[in-house]
Amino acid sequence: MEQEAVDAVSLRARKRKKGRRAKEQIDPQEDTALVDSQEAKAEDDRSITAGSTERDNQEKDDIPVIRYTPVRQIRDDIISQEQTILVQRTIRSGQRIFYPGNVVVLGDVNPGGEVIAGGNIIVMGTFRGIAHAGALGNENAIIAALQLEPSQLRIAGYITRAPEGDYASVYQPEIARVQDGIVIIEKYQPGYDTYHRGDRKRGSING
Amino acid sequence: MGEVFVITSGKGGVGKTTTTANIGTALAMLGYRVVLVDADIGLRNLDVVMGLENRIVYDLVDVAHGRCRLRQALIRDRRFETLYLLPAAQTKDKNAINPEQMKALCEEIKKECDYLLVDCPAGIEQGFRNAVAGADRAIVVTTPEVAAVRDADRIIGLLEASEIRNPLLIINRIRPKMVRTGDMLDVDDVIEHLAIELLGIVPDDESIIVSTNKGEPAVLNPHSKAGEAYRNISRRITGEDVPLMNLENGEGFMDRVRRLLGLRTS
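So the protein sequences, as listed, match chains A and B. First residue of the first sequence: 1, per our numbering; consecutive thereafter. First residue of the second sequence: 1001, per our numbering; consecutive thereafter.
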């Protein structure tokens, strides 16, 4: 049942992307081949996701709005070119989201809920469940949440769990990644190059 | 070679999981090697009650399907070295395993422990059949309520059909005051109706709620009345002869003050 729901969400996400693609053609040439899927091309070659349909409509009325930067110019800053799904609901205990690309959850993930992604995981809410980013082996994957209180974090083959007992909650967005063989959690700073610090294993991005 | 106990009740919410956690912990306190198996696939709770939720990587379904070794899935308790938990899967349902797999699993585990306690899910369907498949003995938990006793009766019949003879009875959540005033079934009423051997009685105790939320079984709390009851039950399981707890002595400090002041006579 969950799987169906995810498929529906994924469809919705794809539809939206297609609508936007029509507005601005971009170079579908891709040198990073993390995802084999042909569909992954071009559709995800977009760096900024702030635009919505309403904004696109407003643009016609000569109101200056956010413009998309063509991918070529910011290629260095792209951390993932995998397909992404948006899940707009709360992931509750016993529910599991699995997707080979990135997963963005617009909601909370409760204890006992699992989000497993081949790519990165971003939760626009409180994360209290189990996250497995880079589940297909990508050690550069990250897990970010507005509030990160996971029972377990797994990135590729690395695993970490919450400390025992009561510990003070941090009410700030945080980001988890692998550094020197351990999973670390740090404060999320907009624009800060979390992804490329340490070993740059995905050299192909610069291609 | 260990003994496999299934802890079951039929009705939900009577305290199967709490009982499993407490008896298991108490047996480990006595130095026995204990493995707790959560058979409530899809609605696991034993890990939370034991405070081991964060450590789950593999679960019972993974072991049953050969996706990992048993050793990888067993979680050692953080307080007792001889206490292990095999957690249930949360994202699957009861049909993810079958009684044969459960039986094989219990056979494998009991070679290396003294007591294997299986926490059975509520109900009498697949989950129940899985949980009892590998059991040598059964502990039936009930509360002094007509509905719970009726379900316990049904369960005892099903256990007999599964060739698990002589189940033991735990009567949980007894409120001495209500029994005294005749508002609650008393221990004798329940035993008379179910006609099985009584393993122990456990008073209703608010400390259970606190300890369950904290992930620390009540038997670790020397002041908890229910904890004491579970410690007694564990000693009975090991063959010791322990008299039933006297619940009438359970008056609190304020009760004593009131009595001394002559405000209440009971």
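We put the beta carbon where it would ideally sit given N, CA and C, even for glycine.
Query raised in the report: Going by alpha carbons, who is nearest to P1222 of chain B out of B:M1001, B:A1026, B:T1143?
Result: B:A1026
Query raised in the report: When DSSP labels each residue in this structure, what does E1197 of chain B get in the three-state scheme?
Result: strand
Query raised in the report: Which of the three DSSP states, helix, strand or coil, is assigned to Y99 of chain A?
Result: strand
Query raised in the report: V1118 of chain B and V1037 of chain B look like a contact to me (Cβ under 8 Å); what is the Cβ gap, rounded to whole Å?
Result: So it is a contact: roughly 5 Å between Cβ atoms.
Query raised in the report: So V1034 of chain B packs on C1113 of chain B, CB below 8 Å; how close in whole Å?
Result: 6 Å
**Report entry** Proximal residues of chain A, C-beta to C-beta of Q1090 of chain B below 7 Å
**Finding:** S93, G94, G112
Query raised in the report: In whole angstroms, what is the alpha-carbon distance linking A1229 of chain B and I1155 of chain B?
Result: 23 Å
**Report entry** Which listed residue (B:N1232, B:K1110, B:E1192, B:S1162) has its alpha carbon closest to that of P1203 of chain B
**Finding:** Of the candidates B:N1232, B:K1110, B:E1192, B:S1162, the residue whose Cα lies closest to the Cα of P1203 of chain B is B:N1232.
Query raised in the report: Who are the Cβ neighbours of K1011 of chain B in its own chain at under 6 Å, not counting the five residues just before and after it?
Result: A1148, D1151
Requested in this report: Measuring alpha carbon to alpha carbon, tell me which of B:V1190, B:R1180, B:T1008 ends up nearest I1139 of chain B.
Outcome: B:T1008
Report task. Note down, one range per segment and in chain order, each beta strand (DSSP E) of at least 3 residues found wholly within the stretch 1076-1134 of chain B. Result -> 1083-1086, 1115-1119
**Report entry** Q152 of chain A at chain B interface by Cβ criterion, 9 Å
**Finding:** yes
Query raised in the report: Beta carbon of G98 of chain A, beta carbon of A145 of chain A: below 9 Å?
Result: Note that residue 98 of chain A is Phe in the sequence shown here, rather than Gly. When the beta-carbon positions are compared, F98 of chain A and A145 of chain A stay at least 9 Å from each other.
Report task. Just the C-alpha distance for Q179 of chain A and I142 of chain A, rounded to the nearest angstrom, thanks. Result -> 11 Å
Requested in this report: Find the nearest neighbour of R1180 of chain B within the set B:K1111, B:T1018, B:E1248, judged by alpha-carbon distance.
Outcome: B:E1248
Query raised in the report: Between A50 of chain A and R1044 of chain B, what straight-line distance do the alpha-carbon atoms span, to the nearest angstrom?
Result: Confidence at A50 of chain A is low in this model, with a pLDDT of 42, below 50, so its placement is unreliable and the value that follows should be read with caution. Looking at the two C-alpha atoms, the distance is approximately 39 Å.
Query raised in the report: From E1216 of chain B to L1261 of chain B, what does the alpha carbon distance come to, in whole angstroms?
Result: 37 Å
Query raised in the report: Hey, would you say G1051 of chain B sits closer than 9 Å to T1082 of chain B, going by beta carbons?
Result: no
Query raised in the report: Between L148 of chain A and G157 of chain A, what straight-line distance do the alpha-carbon atoms span, to the nearest angstrom?
Result: 20 Å
Query raised in the report: Got a sec: is the Cβ-Cβ distance from E164 of chain A to anything in chain B below 9 Å?
Result: So, interface residue.
Report task. Given a cut-off of 9 Å, decide if P1167 of chain B and R1129 of chain B are closer than it, judged by their beta-carbon atoms. Result -> no
Query raised in the report: Quick one: Cα of I1208 of chain B to Cα of K1094 of chain B, how far?
Result: 28 Å
Query raised in the report: From the DSSP output, which residues share a beta bridge with K187 of chain A?
Result: A:E174
Query raised in the report: Is the beta carbon of V1057 of chain B sitting closer than 9 Å to the one on I159 of chain A?
Result: Yes, these two residues count as a Cβ contact at 9 Å.
Query raised in the report: Who are the near neighbours of C1068 of chain B in its chain, counting only those whose CB is closer than 7 Å to its CB and skipping five residues on each side?
Result: Y1058, D1062
Requested in this report: Please decide whether R177 of chain A counts as near chain B, where near means a Cβ-Cβ distance under 9 Å.
Outcome: No, because no Cβ of chain B sits closer than 9 Å to the Cβ of R177 of chain A.
Requested in this report: Please check the pair A117 of chain A and G101 of chain A, which I expect to be a contact at CB under 8 Å, by giving their CB distance rounded to whole angstroms.
Outcome: 7 Å
Query - Helix, strand or coil at Y158 of chain A [DSSP, three-state] - result: Y158 of chain A falls in the strand class under three-state DSSP.
Report task. Name the one or two DSSP bridge partners that H132 of chain A has. Result -> For H132 of chain A, the beta-bridge partners assigned by DSSP are A:I116, A:R154.
**Report entry** I159 of chain A: contacting residues in chain B (beta-carbon distance under 8 Å)
**Finding:** V1057
Requested in this report: Verify whether the separation of the beta carbon atoms of T84 of chain A and V65 of chain A is less than 9 Å.
Outcome: no
Query raised in the report: What is the C-beta distance between S169 of chain A and P111 of chain A, in whole angstroms, given that I count them as a contact (C-beta under 8 Å)?
Result: Between P111 of chain A and S169 of chain A the Cβ distance is about 14 Å, and since that is not below 8 Å, they are no contact.
Query - Beta-carbon spacing of I1170 of chain B, I1201 of chain B below 9 Å - result: yes
Query - L86 of chain A versus A:R96, A:R92, A:I122, residue with shortest Cα-Cα distance - result: A:I122
Query raised in the report: Of the choices B:G1227, B:I1196, B:L1086, B:V1187, whose alpha-carbon is the least far from that of E1206 of chain B?
Result: B:G1227
Report task. Taking C-beta pairs closer than 8 Å, name the residues in chain A that G1123 of chain B reaches, listed in chain order. Result -> Those do not exist, as G1123 of chain B stays about 17 Å from chain A at its closest Cβ, beyond 8 Å.
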